[in-house]
Every structure is written in C-alpha cells, then in structure tokens.
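Residue numbers (our numbering): 116 to 368.
Accompanying notes for the structure given below.
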C-alpha cells in the first residue's frame, strides 16, 4: 500500500484581515501549513499535494524552501473556491496515479496543533480495520460552528452534518468532525463524483463523501482532545493556538 496526502491550503482567509495568505501565518515562528506537513512525519506519505489558492506562488515558494527533506511536495491550484470536496478533487490531480490498495490522507492547512502521533493512530486504525474511510473526531460541550458526527446503530459513522444544515436534534450532538481523514483512494474518487452543491453554502462538501462511503462500506474514527484540531480563521484564534503550542513546548521541554 502507498500512502499519499492532500493538504487543503486554498482558503481565502478573509477574516485574518491580512494580505499574507492564511497558510503562511506563523505559529511559534513557523507557517501553519508547515506545522501541518510536520504532523505527517511519522506516516511519511510518498507524496503530498498542497492545494493553494490566493497567493499560491508565495505559499509554494515558502513550502519548497522550508519543508522537511523527506517530504515530496506537489502543488495544485484551486482557482475558484467551490468547497472542500472540490479542493480535494483538485489536490488529487497532482498525485501520481494510484493503485487499488492506496490510501490518501486529507487534512486542512490551518490546524497547526495536530500531532504526528494522532495522524499515526488515524492511519493505523484505517489499515487495521479495512475501513472505507477513517476520520478524526473530538467532543465539546458546545461545538457551535463544527460539523456533527451522526452514527449508525453499530457505532460506525453514518454521515457528517454541517452546522448550517443541521436539524435542532443534530445540533445537540457534541461529537464533531475535525476535518482530518484517510480514504481508500479507489473509493474516494467515485464518492467525490457523487457530490452536489445542494446545501446552504452551495459548495461541494468533502463531508458528503463520508455519507456516500458509509452506504457501501464502513467509516471508522479515532478521537483526540479538542485543542489539537483547532482551526485558525482569525487573529484571535491564531493567538490562541500560539498560546497552546507554547504551553505544549514548555511542558515537553
């Protein structure tokens, strides 16, 4: 089996109120997207496709200069923002043609607190249990803003419902989607082909691929503490993850 990865780093980042592309905002002196690539160190995918958007040339230049030596980086440009499902399709085009047994990790470029240990657990769970897909979840008393995990009676994941599309009952669910997945490559492509824009954002949600895969196979999960999967959308959140990372480094030191 060959493992590959797609890093979704094309978000416009308008709430950052900065000309600097969002993936290049630094946490503890390193661009967020580079922290995410570092989190892939233990699993060391054969290829990493970084999906870029606004300021893509600068993102590519920065990543090429500072990425770890083991990382074989490719770049793909999402010229128009049509959602995470579309971004994943764009990212896959930069990867070599897969074999039937290959897997692909898909993760956001703005989760700098994600650790290599958690990615390792995700990949190990996926391979050991033969899931169609495996994802990372967390629990919060108030997961406002996050997609909720809806489970089948057997405990496997049935689907993910985004906050804007959730029913009142679904909004009571406290388990949420961290946006980090591993897929069987051969099953992901047909699932992406089934995506539609019939949702509140009129975008292609990658989360809808989970529902398609759950119909025909089994979707597993691993859980982690909420801080590790914090995304960064504005300056306040950037400061929060900086504080958490410094505390983590102090504890580890």
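Note that beta-carbon positions come from the ideal geometry of N, C-alpha and C, so glycine has one too.
None of the values given here were measured: they were computed from a predicted structure.
Where residue i falls: helix, strand or coil (DSSP)
{"i": "residue 208", "result": "coil"}
{"i": "residue 347", "result": "coil"}
{"i": "residue 124", "result": "strand"}
{"i": "residue 137", "result": "helix"}
{"i": "residue 335", "result": "strand"}
{"i": "residue 130", "result": "helix"}
{"i": "residue 244", "result": "helix"}
{"i": "residue 249", "result": "strand"}
{"i": "residue 314", "result": "coil"}
{"i": "residue 329", "result": "helix"}
{"i": "residue 227", "result": "coil"}
{"i": "residue 321", "result": "coil"}
{"i": "residue 352", "result": "helix"}
{"i": "residue 155", "result": "coil"}
{"i": "residue 201", "result": "helix"}
{"i": "residue 171", "result": "helix"}
{"i": "residue 161", "result": "coil"}
{"i": "residue 183", "result": "coil"}
{"i": "residue 340", "result": "coil"}
{"i": "residue 308", "result": "helix"}
{"i": "residue 233", "result": "helix"}
{"i": "residue 177", "result": "helix"}
According to DSSP, residues forming a beta bridge with residue i
{"i": "residue 279", "result": "Note: residue 279 sits in no beta bridge, so no partner."}
{"i": "residue 166", "result": "123 and 191"}
{"i": "residue 299", "result": "218"}
{"i": "residue 274", "result": "265"}
{"i": "residue 146", "result": "141"}
{"i": "residue 118", "result": "218"}
{"i": "residue 290", "result": "254"}
Cα-Cα separation between residue i and residue j, rounded to whole angstroms
{"i": "residue 288", "j": "residue 187", "result": "39 Å"}
{"i": "residue 297", "j": "residue 240", "result": "10 Å"}
{"i": "residue 167", "j": "residue 128", "result": "12 Å"}
{"i": "residue 153", "j": "residue 228", "result": "10 Å"}
{"i": "residue 323", "j": "residue 291", "result": "14 Å"}
{"i": "residue 185", "j": "residue 194", "result": "28 Å"}
{"i": "residue 328", "j": "residue 271", "result": "12 Å"}
{"i": "residue 245", "j": "residue 269", "result": "16 Å"}
{"i": "residue 210", "j": "residue 130", "result": "31 Å"}
{"i": "residue 276", "j": "residue 243", "result": "27 Å"}
{"i": "residue 274", "j": "residue 300", "result": "19 Å"}
{"i": "residue 366", "j": "residue 360", "result": "10 Å"}
{"i": "residue 364", "j": "residue 155", "result": "19 Å"}
Residue i: CB within 7 Å of a non-hydrogen atom of the ligand NAP
{"i": "residue 189", "result": "Of ligands this structure carries none, so the ligand NAP is not represented either."}
Assumed close pair residue i, residue j - CB separation to whole angstroms, cut-off 8 Å
{"i": "residue 247", "j": "residue 334", "result": "6 Å"}
{"i": "residue 136", "j": "residue 169", "result": "6 Å"}
{"i": "residue 226", "j": "residue 346", "result": "6 Å"}
{"i": "residue 337", "j": "residue 207", "result": "Between residue 207 and residue 337 the Cβ distance is about 23 Å, and since that is not below 8 Å, they are no contact."}
{"i": "residue 139", "j": "residue 177", "result": "6 Å"}
Exercise. Check whether the stretch 217-236 touches the stretch 149-165, counting contact only when three or more Cβ pairs, one atom from each stretch, lie closer than 8 Å.
Key: yes
Quiz item: Would you call the stretch 302-315 and the stretch 230-239 in contact, with 3 or more CB pairs under 8 Å?
Solution: no
Quiz item: Quick one: any contact between the stretch 259-268 and the stretch 277-284, if contact means 3 or more CB pairs under 8 Å?
Solution: yes
Exercise. Tell me, please, whether the stretch 186-200 touches the stretch 128-144 by the rule of three or more beta-carbon pairs shorter than 8 Å.
Key: no
Quiz item: Should the stretch 116-131 be regarded as contacting the stretch 197-206, the criterion being three or more beta carbon pairs within less than 8 Å?
Solution: yes
Quiz item: Are at least three pairs of beta-carbons, each pair with one atom in the stretch 298-309 and one in the stretch 351-363, less than 8 Å apart?
Solution: no
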